[in-house]
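Remarks on the structure that follows.
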Amino acid sequence: MARGGQTVDVPKAKLTRESLREGLTIFRYLRPYRTRFLLGLLFISLSAGSTMAFPYLLGEMINSATGNPSASTLHFSPGLIAVIMIALLTLQMLFSFMRVYLFTSVGENAVADMRKDIYRHLIMMPMDFFAQRRVGELSSRISADITQIQDAVSVMLAELLRGVLTMVIGVGMILYLSVKLTLVMLSVIPIVIIIALIFSRTIRKYSRMAQDQLADSGTIVQETLQGISNVKAFNNEWYEIGRYTKSVTDVVRLAVRNGRVRGMFISFMIFSVFGAIVLVVWYAMTMNMEVGNLMKFVIFTAFVGGTMAGFADIYSQLQKTIGATQRVREILKESTETVTVADEMLQPEYRLQGKVQLRDVSFYYPSRPEVQVLKHLNIEAAPGQQIAVVGPSGAGKSTLVSLLLRFYDPQSGSILFDGRAADEFPLSQLRRQMALVPQDVLLFGGSIFENIAYGKPDATREEVEEAARKANAHEFIQRFPEGYETVVGERGVKLSGGQRQRIAIARAILKDPAILILDEATSSLDSESEALVQEALFNLMKNRTSFVIAHRLSTIRNADQILVLEHGAIREKGTHFELLELENGLYKSLSKLQFEV
Ligand SMILES: Nc1ncnc2c1ncn2[C@@H]1O[C@H](COP(=O)(O)OP(=O)(O)OP(=O)(O)O)[C@@H](O)[C@H]1O
Ligand SMILES: [Mg+2]
Numbered sequence: 001m002a003r004g005g006q007t008v009d010v011p012k013a014k015l016t017r018e019s020l021r022e023g024l025t026i027f028r029y030l031r032p033y034r035t036r037f038l039l040g041l042l043f044i045s046l047s048a049g050s051t052m053a054f055p056y057l058l059g060e061m062i063n064s065a066t067g068n069p070s071a072s073t074l075h076f077s078p079g080l081i082a083v084i085m086i087a088l089l090t091l092q093m094l095f096s097f098m099r100v101y102l103f104t105s106v107g108e109n110a111v112a113d114m115r116k117d118i119y120r121h122l123i124m125m126p127m128d129f130f131a132q133r134r135v136g137e138l139s140s141r142i143s144a145d146i147t148q149i150q151d152a153v154s155v156m157l158a159e160l161l162r163g164v165l166t167m168v169i170g171v172g173m174i175l176y177l178s179v180k181l182t183l184v185m186l187s188v189i190p191i192v193i194i195i196a197l198i199f200s201r202t203i204r205k206y207s208r209m210a211q212d213q214l215a216d217s218g219t220i221v222q223e224t225l226q227g228i229s230n231v232k233a234f235n236n237e238w239y240e241i242g243r244y245t246k247s248v249t250d251v252v253r254l255a256v257r258n259g260r261v262r263g264m265f266i267s268f269m270i271f272s273v274f275g276a277i278v279l280v281v282w283y284a285m286t287m288n289m290e291v292g293n294l295m296k297f298v299i300f301t302a303f304v305g306g307t308m309a310g311f312a313d314i315y316s317q318l319q320k321t322i323g324a325t326q327r328v329r330e331i332l333k334e335s336t337e338t339v340t341v342a343d344e345m346l347q348p349e350y351r352l353q354g355k356v357q358l359r360d361v362s363f364y365y366p367s368r369p370e371v372q373v374l375k376h377l378n379i380e381a382a383p384g385q386q387i388a389v390v391g392p393s394g395a396g397k398s399t400l401v402s403l404l405l406r407f408y409d410p411q412s413g414s415i416l417f418d419g420r421a422a423d424e425f426p427l428s429q430l431r432r433q434m435a436l437v438p439q440d441v442l443l444f445g446g447s448i449f450e451n452i453a454y455g456k457p458d459a460t461r462e463e464v465e466e467a468a469r470k471a472n473a474h475e476f477i478q479r480f481p482e483g484y485e486t487v488v489g490e491r492g493v494k495l496s497g498g499q500r501q502r503i504a505i506a507r508a509i510l511k512d513p514a515i516l517i518l519d520e521a522t523s524s525l526d527s528e529s530e531a532l533v534q535e536a537l538f539n540l541m542k543n544r545t546s547f548v549i550a551h552r553l554s555t556i557r558n559a560d561q562i563l564v565l566e567h568g569a570i571r572e573k574g575t576h577f578e579l580l581e582l583e584n585g586l587y588k589s590l591s592k593l594q595f596e597v
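Residue numbers for the sequence shown follow our numbering, beginning at 1 and rising by one.
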């Protein structure tokens, strides 16, 4: 995360015509704000121009005061020149203010648009996209990339324009003042700049290494504090202290090495800047140059030198920005799932009867093609039937659920709803008629009310309470001082596993789906609440097709069909009593084990 001063370093891209053109497409985000943007550019030019007039007027004032009219071009009294300069400075205040204000406003707005675009795109991406990437990395990457682009829009462009103007005016002025002296100067500056660049590259490399190392030790702190109960339970305090100490020592080593190079750099720069001034002043004296003009010359040269050094930085910024825009555009180019928007949801739609068929379905996760997770599954669920899926851990039960919800599509075979191929239905319509109570329930930051209403955002208070009652959750919710308004999630009250599950069940009840999917929905409940919730679930399952994944076989005894899944294939299929009849059956041995306990 690019928080707390720790910035994620943005990798650079090669500058080619292609990459440049690609990078520039990001400027379409500026289009809505182009008037402000162009005004900003105008103010930058004005501000650069007035800055450059300053040394000129200063020199003129000195020329005029030292009574050297032949050198002066303006022939004004020093007082008048001072007044002009103050007036110019006042204008400069306005220009600078406008430039900063306009560019900030354009940059922030354009980047906000970009953020919204990317988020909308991300959240609609198919599941597979998330499986292939680490989500944390993705989000920090995006925030770093966007910050880079924002800097480019609000700072880099402005600096570039100002730099070009300063170079043109500055070099023009010193050439005009003295061609010879300019040549002396221009023969020194590039050498200094090249050496400075070499130094700064080394410095950057070291400081990046130190920063990475610092981030590493930050990770140690974060991980161990998050898992503090593990650290303590395993008595590993000293082990972690050792790890942290080593990491911090490395940071110091790298930072000190960097300090050495920086020290050399700074002393070299001071030497060369003042050395160049000595050289120029001495040379100017041998030429009998006027003090005022010499003054102009020195200040203009300083501007030119500073700008040249700045260009190197702008160049590397440009590379980074192109890299950032490429990655952002990669995301924007990926195709999303089609999720219909809220308006269309209001239209009357086809209500599923609830017939579900799987025909010879085989599936592997696109991220792991070598592992065949589901093999030639054939399942037939009549409307309203209860299908139980049991089997050892890793057999593919949750994967089957993902296919039903169309998080993934099978590589071969087909899934049919009401006899029609799954992809004939709009994705949103299909998912709207299913409800999932997952294995690990995630509650969103917000009130309990909002979390239950997640299944039906326009639900009334009565409906939510009704659903909670049916899920046997009302009672514990009532016991919180703030009841349904209790905030849960990362920053709120922590709920127990069983409480979370009951909230998820209430969510599903409220949604009133045609197809209900329970993935170990009662696994975190004690026997008493399980019995209560079981009853609720039993009511919930009436009149809808349901898929129930369960480890505890007692909960699925009445299922219309029980599928025993092993290594991704259906090994046994039938009712409870049919399966118990099977000699050497997996179900039979499993239930023996469970009922003996
Ligand atoms: N997103 C994924 N990408 C790649 N492989 C996965 C993914 N999710 C699960 N798998 C693999 O697929 C197989 C089946 O996993 P699945 O979660 O369906 O098992 P399960 O039957 O639900 O097990 P459990 O009872 O422990 O929940 C496992 O080998 C697992 O490693
Ligand atoms: Mg599972």
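Virtual Cβ for every residue (Gly too), placed ideally from N, Cα, C.
Considering only the alpha carbon of each residue, which of the options lies closest to residue i?
i	options	result
His567	Met127, Leu377, Arg351	Leu377
Thr359	Gly391, Thr307, Met308, Ser412	The amino acid at residue 359 is misidentified as Thr; the sequence shows Arg. Of the candidates Gly391, Thr307, Met308, Ser412, the one whose C-alpha sits nearest the C-alpha of Arg359 is Ser412.
Leu157	Ser200, Arg99, Leu294	Arg99
Ala467	Asp512, Gln353, Asp117	Asp512
Asn109	Arg28, Ile549, Val564	Arg28
Ile379	Arg571, Ala536, Asn230, Ala87	Arg571
Tyr484	Gly107, Thr460, Arg260	Thr460
Ile452	Val487, Ala421, Asp418	Val487
Gln357	Gly419, Arg406, Glu330	Gly419
Ser316	Asp151, Ile266, Tyr364, Phe37	Asp151
His75	Ser64, Val83, Ala82	Ser64
Glu490	Phe476, Glu463, Ser447, Gln478	Ser447
Val106	Leu318, Val252, Leu39, Ser45	Leu39
Asp117	Arg329, Pro369, Gln148, Ala82	Arg329
Ser200	Ile266, Met167, Arg253, Lys592	Ile266
Gly497	Asp526, Ala382, Leu279	Asp526
Thr25	Met114, Val252, Gly79, Leu58	Met114
Gln561	Ile299, Glu530, Ala382	Ala382
Asp409	Leu254, Asp423, Ile62, Phe417	Asp423
Glu450	Pro392, Arg507, Ala521, Ser398	Arg507
Would you give the residue range spanned by the beta strand (DSSP E) that residue i belongs to?
i	result
Val389	386 to 390
Gln357	356 to 363
His551	No beta strand (DSSP E) holds His551; DSSP gives it neither H nor E.
Ala435	434 to 437
Asn378	374 to 381
Leu516	515 to 519
Can you give the beta carbon distance from residue i to residue j, rounded, assuming they're within the 8 Å contact cut?
i	j	result
Val533	Arg502	6 Å
Gln439	Asp519	5 Å
Lys542	Ile509	Not a contact, Cβ separation roughly 12 Å.
Thr545	Ile515	5 Å
Met85	Phe54	7 Å
Ser367	Ala569	That belief does not hold up - the Cβ atoms of Ser367 and Ala569 are roughly 21 Å apart, past 8 Å.
Ile549	Val389	5 Å
Leu102	Arg36	5 Å
Thr66	Gly292	7 Å
Ile517	Ala395	Between Ala395 and Ile517 the Cβ distance is about 16 Å, and since that is not below 8 Å, they are no contact.
Going by DSSP, what residue range makes up the alpha helix (DSSP H) through residue i?
i	result
His121	78 to 123
Ile241	237 to 286
Arg36	34 to 65
Gly568	No alpha helix (DSSP H) contains Gly568, which DSSP labels as neither H nor E.
Ser412	Per DSSP, Ser412 belongs to no alpha helix (DSSP H); it is in the beta strand (DSSP E), 412 to 417.
Ile26	That residue, Ile26, is in no alpha helix (DSSP H); it is neither H nor E in DSSP.
Tyr176	157 to 177
Thr399	397 to 404
Ser529	527 to 541
Glu485	Neither: Glu485 is in no alpha helix (DSSP H) and is coded neither H nor E.
Val304	291 to 333
Arg461	461 to 470
Gly498	497 to 511
Ala453	448 to 453
Glu578	576 to 581
Asn230	228 to 233
field: Residue list, Cβ distance to ligand 2 heavy atoms smaller than 7 Å
entry: Here the residues come out as Lys397, Ser398, Gln439, Asp519, Glu520, Ile549.
task: Evaluate contact between the stretch 444 to 459 and the stretch 395 to 413, counting only Cβ atoms and requiring at least three cross-stretch pairs below 8 Å.
output: no
- prompt: Are the stretch 172 to 181 and the stretch 228 to 241 in contact at 8 Å, needing three or more beta carbon pairs?
  reply: no
task: Would you be able to state if there are at least three C-beta pairs under 8 Å between the stretch 112 to 128 and the stretch 326 to 337?
output: Yes, since at least three Cβ pairs between the stretch 326 to 337 and the stretch 112 to 128 fall closer than 8 Å, the two stretches touch.
query: Do three or more CB pairs link the stretch 300 to 313 to the stretch 218 to 233 at distances below 8 Å?
result: no
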